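Chains as they are written, first to last, in my numbering: chain A, 1 to 182; chain B, 183 to 446. The beta-carbon is built from N, C-alpha and C at its ideal position, and this holds for glycine as well. None of these values were measured; they are calculated from a predicted model. Everything on this sheet refers to the single structure shown next.
See below:
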């Protein structure tokens, strides 16, 4: 009887989750203009500075341990905001690229496919990076946040920015999409 | 009305399977045979299997033991085709995007292995609901299959929603129908296999299963046969000169960068 109750609850939750994803999918389908408005440009140079191990080593040399922890937490908080914004931008770009997949122009479709792939890569990297940053916030003197995923992150974002601009130019040469502030 | 061998009971058992056969035929005619070969095979064999079980039930010449043998064969063939169909859905949703497909394949293998383990444990701890092994086994087999199927389909839905991937309309419709059917059947078979219900109450579960299956067949018909206005190609945007020259070089640059990132 207990097993039956567990399985029935699991099935009901599964059905609710399924209907929720279906309805949110149909609600999220919107035009490129409204989607482009959701993009928040990111200053990649500032982000690169935040994740630079040399900067971190310099702070480690110059500051006492207690002060270093405070400064590191502040830097990690800033990093968190950057990565969250980049992850959100990647999701918006995926939606825009999916709209472009319906185009009749083969080059636009190929650019859209490339953009979805880049955006998905960035989104999965963002998830791992956010987890590492949160762990590092608990233990700020560790080097967890400076793992290869995070160091390669800004490069992935630049690639995504390039793909987005390419697709924007192919769809509308007058108004390319910008996701990087520098 | 909610009794075995009532008109409604006969309708719910036969009509969805007839519709499914018609859907398979019309999908074939519309050129889906290249895009969705497993779905067409699933539609044909699943419908024929269910109709075979139906005739085994109503024909007096078929013994109870032979009815359950037919049921076992039908469930086994249908479940093999269902898992092949899930693989087909996964390929359609994720394969066009290399980075997601790689991660998705890795994760779905882990999810699949965990679900098999959970289903085996659920079957091992289930009480015997019938003194006949053939009946008891059939109920547990249904519970096991629907548990794994529900988990795999939910994973596909959640994983694609996380990356905001929108599958093509027919693929989405097939996955939606299959997932709704799997969730409801999991609940009903869990009750059938673990709670010793009297025959009169068990019929209600049959009606729930058959009614859900009917709705799912209608969902498949809608998504495969009715053209959505939104999926029609939009009017080409007002574009300037054709995108050649520096645009093409840009794309090559980005491709090189991406390959360097992947092989780093």
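- Per DSSP, reduced to three states, the secondary structure at residue 42 of chain A is strand.
- Distance check between residue 311 of chain B and each of B:374, B:199 and B:344 places B:374 closest, using alpha-carbon atoms only.
- The Cβ neighbour count for residue 91 of chain A, taken over all protein chains shown within 10 Å, is at least 16; the residue is labelled buried.
- Taking 8 Å as the threshold, the shortest C-beta distance from residue 376 of chain B to chain A falls below it.
- Using a Cβ-Cβ cut-off of 8 Å, residue 362 of chain B is close to 15 and 18 of chain A, given in chain order.
- Taking a cut-off of 8 Å on C-beta distances, the segment 250-266 of chain B touches the segment 313-321 of chain B, as three or more cross pairs fall below it.
- Counting C-beta atoms within 10 angstroms of its own C-beta, residue 49 of chain A has fewer than 16 neighbours from the protein chains shown and is therefore classed as exposed.
- Residue 326 of chain B is not a Cβ neighbour of residue 364 of chain B, given a cutoff of 8 Å.
- Not one beta carbon of chain B lies nearer than 8 Å to the beta carbon of residue 34 of chain A.
- The residues 227 and 231, in chain order, have a CB closer than 7 Å to that of residue 259 of chain B in the same chain once the five nearest residues on each side in sequence are set aside.
- Under the Cβ distance rule, residue 25 of chain A counts among the residues neighbouring chain B, one pair being separated by less than 8 Å.
- The residues 252, 253 and 256, in chain order, have a CB closer than 6 Å to that of residue 235 of chain B in the same chain once the five nearest residues on each side in sequence are set aside.
- Excluding the 5 residues flanking it on each side, residue 38 of chain A has same chain C-beta neighbours closer than 6 Å at 92, in chain order.
- Residue 26 of chain A and residue 352 of chain B have their C-alpha atoms roughly 15 Å apart.
- Within a 10 Å sphere around the beta-carbon of residue 6 of chain A sit fewer than 16 other beta-carbons, which makes this residue exposed.
- A direct Cα-to-Cα measurement between residue 377 of chain B and residue 307 of chain B gives close to 13 Å.
- Counted as a single uninterrupted DSSP element, the alpha helix (DSSP H) harbouring residue 247 of chain B occupies residues 246-276.
- Note that the C-beta distance between residue 275 of chain B and residue 347 of chain B is below 8 Å.
- For residue 367 of chain B, the uninterrupted alpha helix (DSSP H) run begins and ends at 351-376, by DSSP.
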